[in-house]
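Below: the structure, in structure tokens.
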Amino acid sequence: SVWLEAPHTMITRMQYYVANRELEWVDSLSFSALGICVLVWPQVVTAPAFRFFAYVVPHSLIGVLLLACGMTCIVSLLVNGRSAVLGPRIRAWTALIRASLLLQFWLSTVQSSVEQGFPYTVTPFWLGFALGELWVAYRAVLDVRTPK
38 SVWLEAPHTM
48 ITRMQYYVAN
58 RELEWVDSLS
68 FSALGICVLV
78 WPQVVTAPAF
88 RFFAYVVPHS
98 LIGVLLLACG
108 MTCIVSLLVN
118 GRSAVLGPRI
128 RAWTALIRAS
138 LLLQFWLSTV
148 QSSVEQGFPY
158 TVTPFWLGFA
168 LGELWVAYRA
178 VLDVRTPK
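Taken in order, the sequence shown gives residues 38 to 185; the numbers are from our numbering.
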């Protein structure tokens, strides 16, 4: 059992899955959690960050899409070590999806910020996370080209 392993063995195993993919784990877990929040509290989609997303996608589907995006990447991160082609490709695609969602969160809060006359504190974070996800997609594509 994993729980009966020596602590250094567990840490080594965790490092295998997490090392150099911290942003992917954080964002995937966050997207999964946000999807659950939307499913439990549908009024979350009335937040300024969801303005464009909620305009295009039915409210009932938003939580499912966020949860599916997050969980798909979590599975691909776990599979990544077993498949040098499939894992990185799924990671790249889910990173692009997360980047596009984060960019629309950014654009939505920029528009809402202009309307209220001052920026939301989260606005620069959306853009930074979106750029980080674009970097993740780039790195995942390199993983496909140069399997280890």
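Yeah, the Cβ is synthetic: ideal placement off N, Cα and C, and Gly gets one too.
From a predicted model like this one, the values you see are computed outputs, not experimental measurements.
Let me confirm a value: residue i is counted as buried when at least 16 other C-beta atoms fall within 10 Å, else exposed. Which label applies?
i, result
"Ile134", "buried"
"Glu152", "exposed"
"Gln148", "exposed"
"Thr146", "buried"
When you compare only the Cα positions, how much space is there between residue i and residue j?
i, j, result
"Pro79", "Arg50", "37 angstroms"
"His96", "Cys74", "12 angstroms"
"Ala105", "Gly124", "16 angstroms"
"Ser150", "Tyr157", "6 angstroms"
"Arg88", "Thr46", "46 angstroms"
"Pro85", "Cys110", "26 angstroms"
"Leu139", "Thr160", "10 angstroms"
"Gly107", "Ser69", "5 angstroms"
"Gly72", "Glu170", "18 angstroms"
"Val81", "Gln52", "34 angstroms"
"Ile99", "Tyr92", "11 angstroms"
Quick one, which of the options has its alpha-carbon nearest residue i's?
i, options, result
"Glu59", "Ala132, Val181, Thr83, Trp143", "Ala132"
"Ala4", "Tyr54, Asp64, Gln52, Val101", "Given that the chain is displayed from residue 38 to residue 185, the structure contains no residue 4 and the question cannot be resolved."
"Leu115", "Arg176, Tyr175, Ala56, Thr46", "Ala56"
"Ser120", "Asp180, Ile99, Trp163", "Asp180"
"Ala177", "Thr109, Ile127, Leu66", "Ile127"
"Phe142", "Phe162, Tyr54, Gly107", "Phe162"
"Ala174", "Leu144, Ala136, Phe155, Leu164", "Ala136"
"Leu76", "Ile48, Ser113, Asn117, Val101", "Val101"
"Leu144", "Phe90, Trp130, Glu61", "Phe90"
Using a Cβ-Cβ cutoff of less than 6 angstroms, which residues in the same chain neighbour residue i once the five nearest sequence positions on both sides are dropped?
i, result
"Val94", "none"
"Leu164", "Trp143"
Counting only the same chain and skipping the five closest in sequence on each side, list residues whose C-beta sits under 7 angstroms from that of residue i.
i, result
"Trp172", "none"
"Trp62", "Val55, Leu114"
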